Every structure is written in C-alpha cells, then in structure tokens.
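See below for the structure under consideration.
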Amino acid sequence: MEDSGARACLWTWGWGEFGRLGHGDTVSQLEPKSLAHEALNGAIFVACGGHHTVAVTEDGEVVSWGWGSEGQLGSGNAFDQTVPAVVKALSSHRVCGVACGYYHTAVVTDVGLVMCWGKGNSGQLGQGDWTSSLLPRTISTLYNEKIRQIACGMAHTIALSMNGEIYSWGAGADGQLGIGKQLDEATDVATPQKVKLEEEEKFEFVAFGC
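Shown next as structure tokens:
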C-alpha cells in the first residue's frame with residue numbers, strides 16, 4: 001500500500017488468474033496497478049494467501065477477493081471474486097488483524113477473538129475437527145486468551161495473546177507447531193495448543209513460514 005496523504009492506496013501486480021489482483025478480470029500485471037474500489041476505502045492492512053487477498057479497513061471491516069474454491073474468501077460460497085467484496089459475516093465485529101494461509105484465512109478482533117475460515121483438512125481452522133468452512137467461525141477455546149496477533153503458514157495457524165503467550169494449530173507433521181513432540185510423532189492438531197518455553201519468557205511477535 002502507498003500512503004497518499006489522506007488515504008492509503010492499494011496496488012497489485014503479478015499473476016491475475018482467479019481475479020487475485022482485484023481488477024475485475026483475470027489479466028496478469030507486470031507492473032503495479034492501482035486498485036481503486038470503494039470497499040477498500042481506508043484499508044490499513046493487507047494479507048495474501050495462495051491465490052487470494054484479504055484487507056482490513058480502518059473501520060474494522062474485512063474485504064476479500066481472488067480464488068474462493070475452498071471458502072477462503074468468507075463469502076459463504078466457493079466462488080472466485082475478481083473484485084474486492086466486504087465479508088458481510090463479520091459485520092458485527094471490528095477486526096484489527098488478518099493473516100492468510102494457502103487455502104484459509106484468520107482474523108483477530110479488537111476484543112481478542114480469533115475467527116478462521118476456508119480449508120480445514122489439517123485442522124488449521126482450530127475447531128477440533130478437519131472440516132472446511134465457507135464462513136468465519138470463532139475459536140471458542142481461545143475466548144479467554146485475548147489474542148492480539150495472528151499468523152498463518154500454508155496450513156497452520158498461530159496466535160499471540162495479550163500476555164505474551166502463543167497458541168498453534170493445524171498442520172504439524174514437520175514440527176512447525178512448536179508443541180514439543182518428537183518429529184516422528186508430530187502430527188496435525190485441530191485445536192489450539194500452548195507453545196511452551198523452557199524459561200519464563202514472553203513472546204512479542206509471531207510469524208510463520210510455509
């Protein structure tokens with residue numbers, strides 16, 4: 001995003017298949033192209049998944065576009081969107097952060113709730129099962145943790161609480177969840193697990209690779 005003074009301006013470029021650039025078509029762009037759309041007025045944060053993009057506005061709205069085959073756009077269907085559209089299912093929440101996995105999306109609200117949607121075959125939605133969701137679902141086991149930041153890998157998710165603790169869930173066969181199992185015993189986990197350190201340290205920021 002570019003700060004043009006009064007309002008930030010979003011630019012996209014690259015492979016345009018599935019409408020992931022948001023310009024109303026599937027044309028690729030070799031150079032940055034301004035994405036002017038009323039749904040993006042006041043956009044302050046953007047995250048990208050495998051083939052979809054999600055933005056958060058200063059009013060706490062969530063806007064998504066691109067590939068939607070796994071429900072990762074949160075629109076209630078599995079269709080692609082070639083232009084940005086507000087995620088209406090989140091209209092009663094004020095979102096302050098977003099992260100995207102390859103086929104799933106996660107947000108955190110101003111009161112510390114975490115909601116995920118999209119593909120769930122590795123437990124990355126944190127619901128205790130392996131099902132996908134076309135709409136945002138709150139992770140009830142994190143109700144009391146007051147989450148302040150969220151991050152996603154390809155099929156796993158991690159959350160950072162206000163008191164500096166982190167919780168991870170989803171694909172874990174390569175040890176990426178950090179929950180202390182032997183690598184040959186590591187597996188996918190469908191509910192958030194607290195990541196423990198040997199010493200009483202607090203986490204400040206989280207990020208995930210693929």
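Start counting the sequence shown at 1; every next residue gets the next number (the UniProt record's numbering).
Using N, Cα and C, we set each Cβ at its ideal position, and we do this for glycine too.
Since we're looking at a predicted model, the values are computed, not measured.
| Check | Outcome |
| --- | --- |
| Sheet register partners of His104 (DSSP bridge) | Gly118 |
| CA nearest to the CA of Cys100, picked from Ser140, Ser132, His52, Leu134 | His52 |
| Gly42 - partner residues in DSSP beta bridges | The partner list for Gly42 (beta bridge, DSSP) is empty, contrary to what the question assumes. |
| 9 Å Cβ cutoff met for Ala155 and Gln124 | yes |
| The beta strand (DSSP E) enclosing Ala151, as first and last residue numbers | 147-152 |
| Residue interval of the beta strand (DSSP E) (run including Ala186) | First-last for Ala186: undefined, no H or E at that position. |
| Other residues of its chain near Gly209: CB distance less than 8 Å, five sequence neighbours each side excluded | Gly153, Gln176 |
| Start-to-end residues for the beta strand (DSSP E) that takes in residue 284 | Lying outside 1 to 210, the shown extent of the chain, residue 284 is not represented and no answer is given. |
| Anticipated Cβ contact below 8 Å, Val114 with Leu90, distance rounded | Between Leu90 and Val114 the Cβ distance is about 12 Å, and since that is not below 8 Å, they are no contact. |
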